[in-house]
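For reference, the structure is listed below as C-alpha cells.
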Amino acid sequence: MENLVLLGVLLVVTIIVGAFMGIFAFAEVKQLRREVRSLTARLDEASEQGEATGQNRSTAGDNEVFSIAAQSPPEPDTLELDLDLEQPAPATLQKPRSQRWATQPEKRSPQGPIAGGRFFSNLQKNWMVWLGGACVALSGVFLARYGIEQGLLGPKVRVVMGLVTALALYIAAEVLRRKTGGTHPTFAALAGGGAITAFAAVLSSVHLYHFIEPGVAFGALALVALVTMWLARLHGPVLAAIGMLGAYSVPVLVSSDSGNVLGAMVYALIISASVLLLLRHVYRSWLWLGLLAGALLWWLVSLVGHQADGWRGPYLAAVAYLILAVIPRDWLLRLRIPDTSQQGALVLPSLLLLVAAQCLSILREGFLSSAIWAWSPLAIVTLLAARQTPRLAPVPWVLFLGQVAVWFANQVGGEPLRLAPLPPELHSPFLTYLLVNTLLFSGFAVYNYFAVGSGESKERTVTAAWWASLAVMVPLLSLLLGYSLAGDFLPRYLWCLYAAIFGAIFMFLGSRGVGKHWSRGMVVWLFIAAHFAYSLAVCLWLKQASLTLALALQAISLAWVIRRFDMPALGWLLKAVLLVVVVRLTLNPWLLSYGNVAHWSLWTYGGATLCAWIAARILSSSQPADSAQVGLARWAEAGALHLLVLTLWAECRYWLYSGNALAAEFSFTEAVIDMWLFTCLGLVYYRKSLLSGHFGRWYDGYGRVLMLAGLACYIGILLATALSEPWVWRGIGERPLLNMLIPAFAGPVLLAALASRFYLPSVRRFAGQLAALAAFVWISLEVRHLWQGNIRLDVPASTGELYTYSAVWLALAVTAILVASWRGWRSGYQGGMALLALVIVKLFLVDMSGLEGLLRVASFMGMGLALLGIAYLHQKLGVNPEDSA
Numbered sequence: 011m012e013n014l015v016l017l018g019v020l021l022v023v024t025i026i027v028g029a030f031m032g033i034f035a036f037a038e039v040k041q042l043r044r045e046v047r048s049l050t051a052r053l054d055e056a057s058e059q060g061e062a063t064g065q066n067r068s069t070a071g072d073n074e075v076f077s078i079a080a081q082s083p084p085e086p087d088t089l090e091l092d093l094d095l096e097q098p099a100p101a102t103l104q105k106p107r108s109q110r111w112a113t114q115p116e117k118r119s120p121q122g123p124i125a126g127g128r129f130f131s132n133l134q135k136n137w138m139v140w141l142g143g144a145c146v147a148l149s150g151v152f153l154a155r156y157g158i159e160q161g162l163l164g165p166k167v168r169v170v171m172g173l174v175t176a177l178a179l180y181i182a183a184e185v186l187r188r189k190t191g192g193t194h195p196t197f198a199a200l201a202g203g204g205a206i207t208a209f210a211a212v213l214s215s216v217h218l219y220h221f222i223e224p225g226v227a228f229g230a231l232a233l234v235a236l237v238t239m240w241l242a243r244l245h246g247p248v249l250a251a252i253g254m255l256g257a258y259s260v261p262v263l264v265s266s267d268s269g270n271v272l273g274a275m276v277y278a279l280i281i282s283a284s285v286l287l288l289l290r291h292v293y294r295s296w297l298w299l300g301l302l303a304g305a306l307l308w309w310l311v312s313l314v315g316h317q318a319d320g321w322r323g324p325y326l327a328a329v330a331y332l333i334l335a336v337i338p339r340d341w342l343l344r345l346r347i348p349d350t351s352q353q354g355a356l357v358l359p360s361l362l363l364l365v366a367a368q369c370l371s372i373l374r375e376g377f378l379s380s381a382i383w384a385w386s387p388l389a390i391v392t393l394l395a396a397r398q399t400p401r402l403a404p405v406p407w408v409l410f411l412g413q414v415a416v417w418f419a420n421q422v423g424g425e426p427l428r429l430a431p432l433p434p435e436l437h438s439p440f441l442t443y444l445l446v447n448t449l450l451f452s453g454f455a456v457y458n459y460f461a462v463g464s465g466e467s468k469e470r471t472v473t474a475a476w477w478a479s480l481a482v483m484v485p486l487l488s489l490l491l492g493y494s495l496a497g498d499f500l501p502r503y504l505w506c507l508y509a510a511i512f513g514a515i516f517m518f519l520g521s522r523g524v525g526k527h528w529s530r531g532m533v534v535w536l537f538i539a540a541h542f543a544y545s546l547a548v549c550l551w552l553k554q555a556s557l558t559l560a561l562a563l564q565a566i567s568l569a570w571v572i573r574r575f576d577m578p579a580l581g582w583l584l585k586a587v588l589l590v591v592v593v594r595l596t597l598n599p600w601l602l603s604y605g606n607v608a609h610w611s612l613w614t615y616g617g618a619t620l621c622a623w624i625a626a627r628i629l630s631s632s633q634p635a636d637s638a639q640v641g642l643a644r645w646a647e648a649g650a651l652h653l654l655v656l657t658l659w660a661e662c663r664y665w666l667y668s669g670n671a672l673a674a675e676f677s678f679t680e681a682v683i684d685m686w687l688f689t690c691l692g693l694v695y696y697r698k699s700l701l702s703g704h705f706g707r708w709y710d711g712y713g714r715v716l717m718l719a720g721l722a723c724y725i726g727i728l729l730a731t732a733l734s735e736p737w738v739w740r741g742i743g744e745r746p747l748l749n750m751l752i753p754a755f756a757g758p759v760l761l762a763a764l765a766s767r768f769y770l771p772s773v774r775r776f777a778g779q780l781a782a783l784a785a786f787v788w789i790s791l792e793v794r795h796l797w798q799g800n801i802r803l804d805v806p807a808s809t810g811e812l813y814t815y816s817a818v819w820l821a822l823a824v825t826a827i828l829v830a831s832w833r834g835w836r837s838g839y840q841g842g843m844a845l846l847a848l849v850i851v852k853l854f855l856v857d858m859s860g861l862e863g864l865l866r867v868a869s870f871m872g873m874g875l876a877l878l879g880i881a882y883l884h885q886k887l888g889v890n891p892e893d894s895a
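First residue of the sequence shown? That's 11 in this note's numbering, and the numbers climb one at a time after it.
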C-alpha cells in the first residue's frame, strides 16, 4: 500500500514537473517568435521611411519642411495578446490625500474593439491559458480532497504538501516572468492556481483538521491574499480575477459540513480587503463588481439559517467601510470621493446594494434584543462617508426609510392584512432602539449640516438641505413608528403631546432661523417638520370628519408662513395638503362612514372650503405681487372651488337623506340637483379658465369633467324614463304643471342653451341641438303627464292624447321653421322640417288610420290647410327653402 502511495505521489510530481517544462518551452518559443516579428516590423518601417525621405527630397522649400515635420514617429512593437489583460498597471507613487480617489483609467487600445468584442477576443486568444490555470488550481484542491477521502496521509502532511505545491506554483510564475523579461497570462494562471491551492490548504487546516486556531488561520489567509495582491501587480488582472474567484469559492470546494457561516463571513471580509488592496494597483471595474458579488454571496448564504442573526448588520457595515477606506487609505472616512473617478462612480450603487441587504436582513430576522448594535454600524459608516461627499447624502435617507418600511412590513399579516403591534415584552426594547437610532441619525445629520456650511454653491445648498431634512424628520418618523408598533406602552395623549411639542419647537426654530439668516434649506425643512408634527398629532388624536378639518387648517398656516417669511419652497407642501383634503373628501362616500351628528357635512366640507379660500386670499394679497405666491393662490382658489362643489353636493344629500350625507342611495331629486350643480359649476370653471392665465388649463379640465357629469345625469334620467323606472315617475308626482318635470326636463333646455352661448366654441352647436331635443322631450312629457297623471311610458295612450301630441308637435315644427327662416338658422330650419315630416307620418300612419267618413274628411282638410298656411308664411318671410336646406 505504501508503494502505491509513493508511486502516486511520484506520478503527480512528474506531471507537475512536465507541465512546468512544457510551459518553459512554450514561453521560450513565444519570446523568440515575438522578437522575430518585432525585428521584421522595424525593417519594414525603416524601408518605408527611406522611400518617404527620397520623395520628400524631390520637393522644394516649404513643402520639404512640411513633409519632414508631418512624419509620424515609429510605432512601438505590438504584442500579440490583448494589452488589457497582459500588462498590469504600473505601480504609482504615493498620491496626496486629495487625489487618492483619482486613479488612472483602464487602458484602452486606440483601435481596439468595444467591451463586448474585446471580451470575446480575449476569450478566443486565451481560453486555453485560462482553462489550464483553472485545471492547475483545481488539481491542488481535488488532490487535497482525494487525500481526505482515502486517508492516505496525515492531516499535517496534507496541509504542508498543499502549501509546498502553492509555493512551487508561485515560484514558477515568478521565474518564468523574470526569465522571459515580461508577463503573460500563462504566468498569471500559474500564480492564480497557487493562490487557490494555498487558500484550500489553510482553510482545510481549520475546518477539517482543527489543528490551527481560527485567528492563526485567518492571518495565514490574509498573508496569502497579500502575496496574491503583490503578484497581481506584476502579472496583471488575470491573476487578480483567478485569485478573487478562487478565494471566494474555496469554502465551497473544501467544506467540512460544519455550517460555520460566521467563519465564512469573516473569511469573506479578509478576501474583500485583499481584493481592494489589489484594486489600488490593478484597477478593473469587473474586479470591483466581483468583490461586491462575493461579499453579498456569503450574506445570502447566511440568510438560510439563524447562526448569523445579529451579525449581518456588522458584516455589511464592514464591507461598506472597506469599500470606502481601503483604496484611498481613508481610515477615518474624511476624504471626498470625486465624481469623476472610476471607483467613485461605483461607490454609490455599491452602498445602495448594501443598504438594501441590511433592510432584507431586518425583514429576515425581525426584532432582536441586539438590534441597537446590529443595525447601527452601517448607519454610522454611511453618515460618515456622506459628510464630505455630497453625492452620497441620499444614502442615509434611503437607509432610514428602508428600515422604517421593513419594520412596518414585519408586522403586517393576517387576513385581511393589518398592522399588528409588537408583543408587550418587546415594547420597551424596541422604543429604546428607536431612541438610539433617532439620536444617531439626527445627531450625525446636525453635525454634517454644520460641517457642510452654508456656502453659495448649488451643490453645498442641496447637500445642506439633505442633512437638514434628515435631522428634523427622523424624530417624527420614529415617533410614528413607535406609536404604530408599541403604542400601548404609553397613553395615546402622550404620543399626541410629544408630536405637538416637536411641532412647536420646529415652528419656533423656523421663525427664529429666518431672523438669524439661517440657510434657506434648514428653515424650509423646519417649517415642513412643524406641519408634519401637527398632522401627526391630529391624526393620532382625531378621526373621520374632525381629522379632515384639522388637516385643512394647515392650508391657512402654510399660506401665512409662505407670505410672512417669503418661503415659496413650501408651495409643494401647501399643494399636498390641499390635494389630501380634496381627495379625502371626494372619496369619502367610498372609503369612510360618519355618524349623523352635529351636521358634520357643513363644518367638514364647508370648513375645508373656507380654509382653502382664506389661504388663497392670504397669498393673493401679498404686496408687491409675487409670481410664485400668485401661482399658489391659484392653486388654493382651485381647491376652494372644488371643495365648494363637494360642499353643495354634500349639503344636498344631507337634507335629502335626513342627515345622512353619505347614504348609499340615489334618488330622482338628487339626480336633478346633481345635473344642475355640475353643469352650472362647469360653466363657472370654464369662465374662470379664461381669466386665469397658465392655470386656466386646470380649470378648463375640471370644468369639462363637471359638464360631462351633468350630461351623464341627464342621460341617466332619460334612460330611466324610457324604461319607466319607478324612482323617476314616482319622484315627479301627480300634480300637473308645477312638479319636478320643470327642473328635470325643462332645466336641461336652459342649461344647454347657456352652454351654446357661453361654453367652448367647439361644442356650442351640439349644445344648441341638445337644447332643441330637450325642449321636445319636455313638452312631450308634459302632454303625457296632463293626460295620464304620470310619465310612465308602459301605459297605452288614448286617442285624444295622440291627437294632442300631433297638434303640439305641429305647432313646434311651425314655430321652428318660421323662427329659423326669420333668423336665418339653417340647423333650426332643418330640425323644424324634420319634426314636420314626423308629424305628417304620424298623422297618416297613426292618427288617421282608424278614421272614417266626415272625421277623415275633416282631418285631411285640416292637414292640408295647415300645410298651405305654413307654405304661405314661409314665402311671405322671403326665405328661399333651397338656401335654407
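No residue lacks a Cβ here, since even glycine has one placed at the ideal position from N, Cα and C.
Please read all numbers here as calculations on a predicted model, not as lab measurements.
The DSSP assignment places no complete run of the beta strand (DSSP E) inside the region 664–692 (cut-off: 3 residues).
Counting only unbroken stretches of 3 or more residues, no beta strand (DSSP E) element lies wholly within the region 693–727. A residue is called buried when at least 16 other Cβ atoms come within 10 angstroms of its Cβ; residue 684 meets this threshold and is buried. Excluding residues up to 5 positions away in sequence, 739 lie with their Cβ nearer than 6 Å to the Cβ of residue 800 in the same chain.
By alpha-carbon distance to residue 726, the top candidate from 190, 410, 299, 677 is 677. The criterion of a C-beta distance shorter than 8 Å is satisfied by residue 695 and residue 713. In its chain, beyond the 5 residues on either side, 391 have a beta carbon closer than 6 Å to the beta carbon of residue 331. Residue 783 and residue 620 have their C-alpha atoms some 40 Å from each other. Here the region 503–512 does not lie against the region 453–460, with fewer than 3 beta-carbon pairs under 8 Å apart. CA-CA distance, residue 647 to residue 732, rounds to 41 Å. For residue 429, the pairing in a beta bridge is given by DSSP as 422. CA-CA distance, residue 640 to residue 577, rounds to 13 Å. Counting along the chain, the unbroken alpha helix (DSSP H) around residue 792 starts and ends at 774–798. If you compare the alpha carbons of 644, 630, 721, 615 with that of residue 659, the shortest gap goes to 615. Measuring C-alpha to C-alpha distances from residue 234 to each of 172, 188, 628, 273 identifies 172 as the nearest.
Per DSSP, residue 320 lies in no alpha helix (DSSP H) and is assigned neither H nor E.
Taking a cut-off of 8 Å for Cβ pairs, the region 377–389 and the region 435–453 touch, as three or more such pairs fall below it.
Residue 364 sits away from residue 417, with the two beta carbons spaced by 8 Å or more.
Rounded to whole angstroms, the separation of the alpha carbons of residue 597 and residue 412 is 30 Å.
Between residue 419 and residue 388, the C-beta gap is not smaller than 8 Å, which leaves the two residues out of contact. Boundaries cannot be given for residue 346, as no alpha helix (DSSP H) includes it and DSSP labels it neither H nor E. Boundaries of the alpha helix (DSSP H) around residue 593: 581–596. DSSP, read as helix, strand or coil, puts residue 749 in coil. The alpha-carbon of residue 611 is positioned some 22 Å away from that of residue 550. Of all C-beta pairs linking the region 333–349 to the region 283–294, three or more are shorter than 8 Å, placing the two stretches in contact. Of the residues assessed, residue 434 falls on the exposed side of the cut-off, its CB having fewer than 16 other CB atoms within 10 angstroms. When secondary structure is reduced to three states using DSSP, residue 291 falls in the coil class, being assigned neither helix nor strand. The C-beta separation of residue 580 from residue 561 comes to about 16 Å, leaving the pair out of contact by the 8 Å criterion.
The three-state reading of DSSP puts residue 744 in coil, since its state is none of H, G, I, E or B. Residue 810 and residue 786 have their C-alpha atoms some 19 Å from each other. Counted as a single uninterrupted DSSP element, the alpha helix (DSSP H) harbouring residue 451 occupies residues 437–462. In the displayed model, residue 398 falls within coil according to three-state DSSP, outside both helix and strand.
Put simply, of 565, 276, 686 the residue whose alpha carbon is nearest the alpha carbon of residue 625 is 565. Rounded to the nearest angstrom, the gap between the Cα atoms of residue 358 and residue 342 is 18 Å.
A straight line joining the alpha-carbon of residue 797 with that of residue 729 spans about 22 Å. Counting of Cβ neighbours within 10 angstroms places residue 544 among the buried residues, the total reaching 16 or more.
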